[in-house]
Each structure stands twice: as structure tokens, then as C-alpha cells.
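Asks: Which chain is which? The protein sequence lines are A and B, in order. Add 9 to a position in the first sequence, counting from 1, and you land on the number used in our numbering. Add 963 to a position in the second sequence, counting from 1, and you land on the number used in our numbering. For each residue, glycine too, the CB sits at the ideal point set by N, CA and C. Since we're looking at a predicted model, the values are computed, not measured.
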Amino acid sequence: MKERYIPILTVIIAIAGFSFITFLYWTEPRTFSEVSSKGQVVLGTYDIDRTAFDEGLANFRRDEFPAARAAFDRADPQKRDAITQFYTAYSYYRQGWGRVSNDDAMFRAGVEAVDRVIAIEPNFRIADETLQMKTPYEVKAELEEGLKLTLSDFNPMRLTRERK
Amino acid sequence: MTDEHEHIIDVTETDEIQVPDGARGGDLAVTGNRSIAAVPSAAPTYILLPIIFLAVTLLGGMRLGAVDNSFIFLKPALICLVFAAVTLVLFFRSGLISVEGWLSETNPPLRNAANAAVLLTMFAATVQLFNALLPEQGLPFWIVGFCFFWTLWNNLFAEFDSKRLLRSLGALFGLAFVVKYLVLANLTAPTGASWLQRMIENPGREAFTWLLDLPRYSPGTGYIQFFTLALYLIGLYLTPTTTKK
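What follows is the structure, given as C-alpha cells:
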């Protein structure tokens, strides 16, 4: 290599090295596979795993919610896809819903998931006709309502309500 | 003595130094309190040094989780930047690095940029080395931090050459490594099923972990940080006083 190119190479090494280190300390990946997926997010080439998503959707429709969420997590490890996160939030709602009382832990996790949907795509609307709630705001309102303890919770007519 | 060391120059009588061809970067000729570096060859200084210091920068804040060995990247505390800045001032004062020899208006701009990049990687590596050696939190952080501060502050006003500085820093970093990764790591209780079970199995270590606020990391962390410290010292050894020919 010609000696005059060496200083250029030094500057390139330093810039590339600092960029990579900043990326690692900024995104804090926990495994080598996360380094790859977080790298795809930064580069804008991130996409979900379609096979895992379809598997998750099939489990969701069979009311197998833990299995559905596991598949959704595999499909969208970086939690960057609005559709996957919407189904994740919806799965928390459906699993946590009870005719007499709701599972607060499930509903709180659902609120976290639906907040991610709003952050990713504020105007998100799902095209799935099998779901009664189409927007993250409807899901969030339902989840937050379920977490509150109000006088209406003691209304016996609540026993006739249906899960959405 | 190796052939390489035979190139070391004695500068007792003369200020003008003629450096033999083939002398390796980082070779130091020390007479009394003076130290002069041989002319560095370009590859170790401009390729190897930044890679070594970047590796130290990467690994210095890295820990492995106790449960699943997952990566944990810890950003350096503000005090690490202060310590690193003082350490670099010490390098300049002791003559380990000559400012004129690295950054000079007589150098071509590109060479100055490359030299600045190498010095920047050295600064970042020093920050991360302190990040690696300082305990993360609690009482040990303040005690070890104070020891670092005391030593560096004293060194700042002491008269010494680069060899003594390297010995002093080697001893300081070595002791800090022993304290953190041998003494404190052995006082940290392993992760267990429940708090009660851990208290029954390791009451002393559990008490120390709670009292000293010790974080639980995988034993692999110590190996990584030993490698990081060794790499940093190798980097310092390879750093020439000047890059001028």
C-alpha cells in the first residue's frame, strides 16, 4: 500500500470504529442476533419474519394467546412493526378479559404494546374484519377502562357483555 | 536482548538524533529523565494502534449478564472522562507523547488528521478502561474512584519520565483490576432461585452484595476485562513519542 493512503485509512478506521461502537452502546443489543436486527433497524432494512407472523396470527385466531405472542416476538424482535404490535396488544386484551373481572397484569402489558403501535404509526388502522376494535386508540381505551375500578364495575348487567 | 532493542538510541550526548532504518515504533531510548522514540513505522502507528484502542473502547464497557451471559453495554460515568483527560495530560507531561510530534503545523493536514484520529481513539480507550476498572456503583465506586483521583492528582505534580509513568499506571490499573474482578467479584453472591435460598447458601456473600451494592455479572466479564487491560497496555507500549521522521 502506498504510504500516502495510510493516513486516509486511519481516519476511515477511526470513523467506522466509533460509529460501530456508538451504535452498540446506543442500541444495547443483548445477543449477536440482536446486533444484526438492530443494525437492520438503523440501516432501514428491517422487516418482520412473515412465517413467524403467520404462525402467530393462526395461534391468535385459535385463542392460543401465549403461543401467538411468542410467535409475534420472533417475527418482530425489535418491536418496530405496527401490525404485529397491534395483534400483540389485542392478544393481551383477549387473554386478560374476564366477564367478572379482568387480569390487570395482562391489561397493563397490553397498554405497553398498544403504546408502541401509537408511537410507530399514530394513524394506524387494522384491515382485519374479524376484530371489532380497529385502531390502537380503541384498544387502549378498552384496556384502560378495564384497569379502572368504578361504580359501573358492580353493575350486574356487565355479566352480559361480550369480549371484543 | 533482541535485535529490535539493539536499535534503541543512547541520547546522552546529543540532541540531534539520527534514527537507524528499520527501528520499530514505540522503542524508547531512555537516559536519565529523557525519553526519545525511534521513528515509527507507519503500519503499527496508523493501522494497528487505532484498531487496538478501538477494541479497548468497545470492550471496556462490556459486561456479561449473570443469568444468560447476555451482553450488557455500560456507558462510562462522567468521572471516567475526567480521569482519562488527566491521564492524557500525564502522557504529554511525562513525554510519553509529544504534542509537537503528533500535531504540528509543519505536518501535512492529512497526517495531522490521522494523528488526531489515533489520539482520539487513545482518549476513548482510556475513558473505557476507567469504565472497566471502576466499580459500577455504591461504596466501592467512591473508594476506588477516590484512589484513582488521588494517584492521578499526585502524578500531575510529580516529576517523572515516561517509563516511571507507565510503571505507575500499570500498578494502578493492575491493582484496580484485582480489587474489582478478584476481590469484589468473589464477594458477590451468585444468582440463585430465591432471596431466602441465597441467604441460607451464601449468607456472608449475600450480605456483602447487599451492603456494597455489588452488581452480579458472569465470570466471563473478568476475562474480557483482563484482555482489555492487556490490550490497552500493549497499545501504550506501541505508541511512539513522535510521528515525525
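If you draw a straight line from the alpha carbon of Y1195 of chain B to that of A76 of chain A, how long is it in whole angstroms?
Replies: Taking the straight line joining both Cα atoms gives about 47 Å.
Asks: Between the segment 1004 to 1020 of chain B and chain A, which residues of the former have a C-beta closer than 8 Å to a C-beta of the latter?
Replies: Flagged, chain order: A1005, A1006, Y1009, I1010, P1013, I1014, L1017 and T1020.
Asks: Can you say whether S1125 of chain B is buried or exposed, counting buried as having 16 or more other CB atoms within 10 angstroms of its CB?
Replies: Buried is the call here.
Asks: If we define contact as Cβ-Cβ less than 8 Å, is V1081 of chain B a contact residue for chain A?
Replies: Output row for V1081 of chain B: interface = yes.
Asks: With a CB to CB cut of under 8 Å and the five nearest residues on each side skipped, what residues in its chain are close to G1198 of chain B?
Replies: Around G1198 of chain B: L1012, I1015, F1016, V1019, M1085 and A1088.
Asks: Using a beta-carbon distance cut-off of less than 7 Å, what residues from the segment 1017 to 1047 of chain B approach chain A?
Replies: From the segment 1017 to 1047 of chain B, only L1017, T1020, L1021, G1024, S1033, F1034, F1036 and K1038 have a Cβ closer than 7 Å to chain A.
Asks: Taking 8 Å as the limit between beta carbons, can you name the residues of its chain near V44 of chain A, skipping five residues before and five after?
Replies: Counting only Cβ-Cβ distances below 8 Å, and skipping sequence neighbours, we find L33 and P38.
Asks: Just verifying my parser: in three-state terms, what is the DSSP assignment at L1027 of chain B?
Replies: The answer is strand: DSSP assigns L1027 of chain B an E or B state.
Asks: Run through the segment 1097 to 1127 of chain B for me and flag every whole alpha helix (DSSP H) of 4 or more residues, listed as ranges in chain order.
Replies: Those alpha helix (DSSP H) runs which fall completely within the segment 1097 to 1127 of chain B and span 4+ residues are 1101 to 1120.
Asks: Just reading off the beta strand (DSSP E) that F133 of chain A is part of, what are its end residues?
Replies: That residue, F133 of chain A, is in no beta strand (DSSP E); it is neither H nor E in DSSP.
Asks: Between G155 of chain A and N111 of chain A, which are expected to be in contact by the criterion C-beta below 8 Å, what is the C-beta distance as a whole number of angstroms?
Replies: Indeed they touch by this definition, with Cβ atoms about 4 Å apart.
Asks: Spell out whether any CB of chain A is found under 8 Å from the CB atom of T1151 of chain B.
Replies: No, because no Cβ of chain A sits closer than 8 Å to the Cβ of T1151 of chain B.
Asks: According to DSSP, is Y55 of chain A part of a helix, a strand, or is it coil?
Replies: Correct three-state label for Y55 of chain A: coil.
Asks: Does the beta carbon of T1084 of chain B come closer than 8 Å to any beta carbon on chain A?
Replies: Cβ-Cβ to chain A under 8 Å: yes for T1084 of chain B.
Asks: Does any C-beta atom of chain B lie closer than 8 Å to the C-beta of R167 of chain A?
Replies: R167 of chain A does not count as touching chain B.
Asks: Scan the segment 1059 to 1075 of chain B for residues whose Cβ lies nearer than 7 Å to a Cβ of chain A and list them as they occur along the chain.
Replies: Those residues of the segment 1059 to 1075 of chain B that come within reach of chain A (Cβ to Cβ, closer than 7 Å) are L1073 and R1074.
Asks: Can you have a look at W1113 of chain B and say buried or exposed, based on whether 16 or more other CB atoms are within 10 angstroms of its CB?
Replies: The residue in question, W1113 of chain B, is exposed, as its Cβ has fewer than 16 Cβ neighbours within 10 Å.
Asks: My output table needs one value for I21 of chain A: the three-state DSSP class, helix, strand or coil.
Replies: In this structure, I21 of chain A counts as helix in the three-state DSSP scheme.
Asks: Hey, out of A:Y99, A:A114, A:D162 and A:L158, whose CA is closest to T144 of chain A's CA?
Replies: When only C-alpha atoms are compared, the closest one is A:Y99.
Asks: Exposed or buried, P1098 of chain B, counting other C-beta atoms within 10 Å across all chains shown (16 or more means buried)?
Replies: That one is buried.
Asks: Using the beta-carbon count (16 or more within 10 Å), is P16 of chain A buried or exposed?
Replies: By the neighbour-count rule (16 or more Cβ atoms within 10 Å), P16 of chain A is buried.
Asks: Can you say whether F116 of chain A is buried or exposed, counting buried as having 16 or more other CB atoms within 10 angstroms of its CB?
Replies: It counts as buried.
Asks: Do the segment 100 to 108 of chain A and the segment 54 to 64 of chain A meet, that is, are 3 or more Cβ pairs less than 8 Å apart?
Replies: No contact exists between the segment 100 to 108 of chain A and the segment 54 to 64 of chain A.
Asks: Between the segment 1063 to 1074 of chain B and the segment 1163 to 1173 of chain B, can you find at least three pairs of beta-carbon atoms closer than 8 Å?
Replies: Cβ pair count under 8 Å is below three, so no.
Asks: Would E153 of chain A and V120 of chain A be called neighbours here (beta carbons separated by less than 8 Å)?
Replies: Yes, they are a contact pair.
Asks: Mind listing which residues of the segment 1174 to 1203 of chain B have their C-beta closer than 8 Å to chain A's C-betas, in chain order?
Replies: Answer in chain order: no residues at all.
Asks: Restricting to Cα atoms, I'd like to know which of B:G1167, B:S1057, B:G1024 and B:I1106 is closest to L1138 of chain B.
Replies: For L1138 of chain B, the nearest C-alpha among the options comes from B:I1106.
Asks: Using the C-alpha atoms, what's the distance from A1047 of chain B back to L1147 of chain B?
Replies: Approximately 23 Å between the Cα atoms of the pair.
Asks: What in chain A is Cβ-close to A1077 of chain B, meaning under 7 Å?
Replies: Those within 7 Å of A1077 of chain B in chain A are P16, T19 and V20.
Asks: What three-state label does DSSP hand D162 of chain A in the structure shown?
Replies: D162 of chain A: helix per DSSP, three-state reduction.
Asks: Going along the segment 33 to 44 of chain A in order, which residues come within less than 7 Å of chain B, judged by CB to CB distance?
Replies: Within the segment 33 to 44 of chain A, the qualifying residues are L33, Y34, E37, P38, R39 and T40.
Asks: For a contact meaning CB atoms closer than 7 Å, what does A23 of chain A contact in chain B?
Replies: The contacting residues are P1013, A1080, L1083 and T1084.
Asks: Whose C-alpha, out of B:T1205, B:T1206 and B:L1192, is nearest the C-alpha of M1025 of chain B?
Replies: The residue with the shortest Cα to Cα distance from M1025 of chain B is B:L1192.
Asks: For Y1180 of chain B, write down the residues that DSSP places opposite it in a beta bridge.
Replies: Answer by DSSP bridge pairing, in chain order: B:G1028.
Asks: Measuring straight from C-alpha to C-alpha, what distance separates L140 of chain A and R83 of chain A?
Replies: Cα to Cα, the separation comes out at about 23 Å.
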